[in-house]
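Student: For the sequence shown, position 2 (counting from the first letter as 1) is numbered 1 according to numbering that gives the first Met the number 0, and the numbering increases by one without interruption. We put the beta carbon where it would ideally sit given N, CA and C, even for glycine. In this text, all values refer to a predicted model and were calculated from it rather than measured experimentally. Quick one: the structure is below, questions incoming.
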Amino acid sequence: MALREIRRLLKNIESDLFTVNHFPSSDIKSYHLKYWLVFIVNLYLKFYHRVEVVNSNYLPKKGGGVIASNHLSHLDGIIINAVTAYHTRRKINFLAAEDVYNKNFLFKFLCDLANCIPVKRSTSDRVALLKVIKLLKNDKLVGLFPEGQRSRDGNIGEAKMGVAIMALKSGTPIIPLAICGTFEAFPRKTKMIKPIKVKLKFGKPLKFEIEKKPSKERIKEVKDEIMNEIQKLYNQIKTS
């Protein structure tokens, strides 16, 4: 993202923040994993993927928060949503690429199941970001994949600036998360889900002071700090 684009996005967000509270609740997907569905999904995860969760105590039981995770597979959002609901009895709204959301009926259903907010992949989606800010201002949990797309080789890729901008504009804690095993279980261009063990490890929440006009250097610094923590967690669960 170019400096000019970052400045324009920040300026637009700043000028439109007053409209955040005017978003009707119906604008944000109200679908969520019901308790019975959470139970079923977690049974599937326990027996088919032998899911192991480390440091679930870092998940906030109340208040806003952003769960930032690496992205390996279409399974990630469903798994993180189910694990979060199981451990906190809270739902989490995920950001999802609009083209994935609208791919077909099944993907739309799965995205709705994971409480997704569609985001335009090729542009700075100010409307989606404002919806996220509303959720955070109302003490909701938001999940996102800073890389903006699934990994092509199982490794963590370069992140976009969005997670840092969100952290600096909202002041909301960022909970880093590493997930592994889903790349092998359900990689790109496959239709069958394999019974591969999946691990998740949450990190200590990262808190950043609100900055009205953060510089490009500051945004990059925050982005790198978040991604370094995710990479550290990923290395730990890969070797455990």
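Leaving out five residues before and five after D138 in sequence, what residues of the same chain have Cβ atoms less than 8 Å from its Cβ?
Tutor: K61, G62, G63
Student: Three Cβ pairs or more, each shorter than 8 Å: is that satisfied between the region 92-99 and the region 107-118?
Tutor: By the Cβ criterion, the region 92-99 is in contact with the region 107-118, since at least three pairs of Cβ atoms, one from each stretch, lie closer than 8 Å.
Student: So what's L58 in DSSP terms, helix, strand or just coil?
Tutor: coil
Student: Rank G202, T83, R217, S150 by C-alpha distance to the C-alpha of A166 and give the top, closest one.
Tutor: Out of G202, T83, R217, S150, R217 has the C-alpha closest to the C-alpha of A166.
Student: Got a sec, what are the start and stop residues for the beta strand (DSSP E) I155 sits in?
Tutor: No beta strand (DSSP E) contains I155, which DSSP labels as neither H nor E.
Student: Under DSSP, the alpha helix (DSSP H) around V311 begins and ends at which residues?
Tutor: Any answer about residue 311 is impossible in this case: the structure gives the chain only from 0 up to 239.
Student: Cα separation between I155 and D75?
Tutor: 14 Å
Student: What whole-angstrom Cβ distance do H48 and I195 have, given they're in contact under 8 Å?
Tutor: 7 Å
Student: Expressed to the nearest angstrom, what Euclidean distance is found between the alpha-carbon atoms of L105 and L44?
Tutor: As the crow flies, the alpha-carbon of L105 is around 20 Å from that of L44.
Student: Applying the criterion that 16 or more other CB atoms from any shown protein chain within 10 Å of the CB defines a buried residue, is M191 buried or exposed?
Tutor: exposed
Student: How about E228 and P175: do their beta carbons lie closer than 8 Å?
Tutor: yes
Student: Determine the direct distance from the alpha carbon of R88 to that of V82, and round the result to whole angstroms.
Tutor: Distance between the alpha carbons of V82 and R88: 10 Å.
Student: Count the other CB atoms, across all protein chains shown, that sit within 10 Å of the CB of E157; report buried if there are 16 or more and exposed otherwise.
Tutor: exposed
Student: Which residues does DSSP pair with V141 in a beta bridge?
Tutor: V65, N92
Student: Using C-beta distances below 8 Å, list every residue in its chain close to N101, excluding the 5 sequence neighbours before and after it, in chain order.
Tutor: For N101, where only same-chain residues beyond five positions count, the Cβ hits under 8 Å are K107, P117.
Student: Could you check how far apart the C-beta atoms of I66 and L140 are, in whole angstroms? I think they sit under 8 Å.
Tutor: 7 Å
Student: Tell me whether I77 is buried or exposed, calling it buried when 16 or more other Cβ atoms sit within 10 Å of its Cβ.
Tutor: Per the 10 Å Cβ criterion, buried.
Student: Could you check where the alpha helix (DSSP H) with L71 kicks off and where it finishes?
Tutor: Per DSSP, L71 belongs to no alpha helix (DSSP H) and is neither H nor E.
Student: By alpha-carbon positions, which one of L58, K215, K203, N69 ends up nearest to F182?
Tutor: N69
Student: Kindly indicate which three-state DSSP category V292 falls into: helix, strand or coil?
Tutor: Only positions 0 to 239 of the chain appear in the structure, and residue 292 is not among them; the question remains open.
Student: Have a look at the DSSP bridge pairing and note the partners of A177.
Tutor: K200
Student: Check whether the Cβ atoms of K222 and A163 lie closer than 8 Å to each other.
Tutor: Less than 8 Å divides the Cβ of K222 from the Cβ of A163.
Student: Quick one: what's got a C-beta closer than 8 Å to G170's C-beta in the same chain, skipping five residues either side?
Tutor: K206, F207, E208, I209
Student: With the cut-off set at 8 Å, would you say F185 and L143 are in Cβ contact?
Tutor: no
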